[in-house]
Structures are given as C-alpha cells and as structure tokens.
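Numbers in my numbering are just positions in the sequence shown, counted from 1, shifted up by 135.
Presented below is the structure to which this report refers.
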Amino acid sequence: MNAASTILLSPADNVAVANGRIEIGAALPGGAVAVAAIDPGHKVAIKPIAAGEAVVKYAQAIGRATQAIAPGEHVHSHNLVFESGRLPVVPPSEAEHATEADRKRTFMGYRRADGRAGTRNFIGIIASVNCSSTVCHAIADEANRTLLPKYPGIDGFVPIVHGQGCGMSATGDGMMVLH
C-alpha cells in the first residue's frame, strides 16, 4: 500500500491536507486508508467525524460535518459547512506543551547536494475574490519576469486564485479556499 503525502500540523486535527493526488487505497496518517481519490489541496478525514462535529485543520475548527465522515473520505463542501461565529474553540494540543528538548531548532527543508540546508521560497499572490484573479496572474507573471532574477533566494511568485465570483458569502467553496 502506497503512503499518501499529506500535511498534518496538529495532533488535534481530524483531517489532513493532500500534498499531492491521493489515490484510493493509499495509507493515511493514523492508519486510515483513502476510500476516494482526493485532489491536491483537498482535505481527507483521518479520524471518524460525527455529523455536527467540528472539522479541525491546523488545530482550528474550520466547519462542521453535515453528515458522518469516515476516515479516508474526502472532506469538502458536500459534507462540510462553515458556520461563521459558531465554531468551537479547539483546546490546546500536546504540541503546545512540548518539553525544552522537543523545541530543537528544526524546519521543513531539504539537503542540497553540497550538504547545506535549503527551503522552497515561493511568494503567493492571493485573490480574495474572482474579480482580482486576472490581476493576480498578471502580478505573478510580471514578478517572475522582472523581480525573480534580482532575488536568488526566491523560487517564484505564484497566483493563488479561485472562481467563486466577486462577492463572497461566509459559506461555500470560496470561503474554504481562503481558509
């Protein structure tokens, strides 16, 4: 069984974020197995989530399950609702009570061929509404063309856009993208 690449930042989380496409049958954190194909950036349940229970990502309640969600299932607008101002506060996780030995200086980087550490440094140009998507693409393109050569420590400028319209409600896919 292939292990899926996911992002899980807190032991309090009941979902992980797909770092790449997750195929059916892929192993997930906590022993769960993907029961659906999941696109990059989407959420997958890693623990059972009861209907009405908070969906927790990055140790924060991001919405409530509209139905029971089993480990390995895709978590998205079909089974998740955002309730502005009505989400529970997630209690601090064990990670917030780390011992001094656990607080060694580390980061999610990579080792370069010459042995030095490196990171990927992309700057996101974020569209809060669809009306600014074209502008975000233009800014990223121009920055990649004119600024990138001047700053070797930056790997690129990336437009982060969505197509949910110029006005946005407090619920739905657009708000999920912003979270």
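Every residue gets a Cβ at the ideal spot worked out from N, C-alpha and C, and that includes glycine.
Count the other CB atoms, across all protein chains shown, that sit within 10 Å of the CB of Asp249; report buried if there are 16 or more and exposed otherwise. Exposed, by the Cβ-count rule.
Is the distance from the Cβ of Val210 to the Cβ of Arg199 below 8 Å? no
What do you reckon, are the CB atoms on Val170 and Val150 nearer than 8 Å? No, Cβ-Cβ distance for Val170 and Val150 is not below 8 Å.
Note down the Cα distance separating Ser145 from Phe257, rounded to an integer number of angstroms. Looking at the two C-alpha atoms, the distance is approximately 23 Å.
Cβ-based burial, Ala230 [other Cβ within 10 Å; buried from 16]: At Ala230 the pLDDT is 49, less than 50, meaning the model places this residue with poor confidence; the figure from the coordinates comes in the next sentence. Exposed, because fewer than 16 other Cβ atoms sit within 10 Å of the Cβ of Ala230.
Return helix, strand or coil for Pro294, following the three-state DSSP convention. strand
Identify the continuous alpha helix (DSSP H) that holds Ala278 and give its terminal residues. Ser268 to Thr281
Below 8 Å between beta carbons: does that hold for Val152 and Gly207? The Cβ atoms of Val152 and Gly207 lie no closer than 8 Å to each other.
Whose CA, out of Ala194, Pro183, His213 and Ala189, lies closest to the CA of Ile204? Pro183
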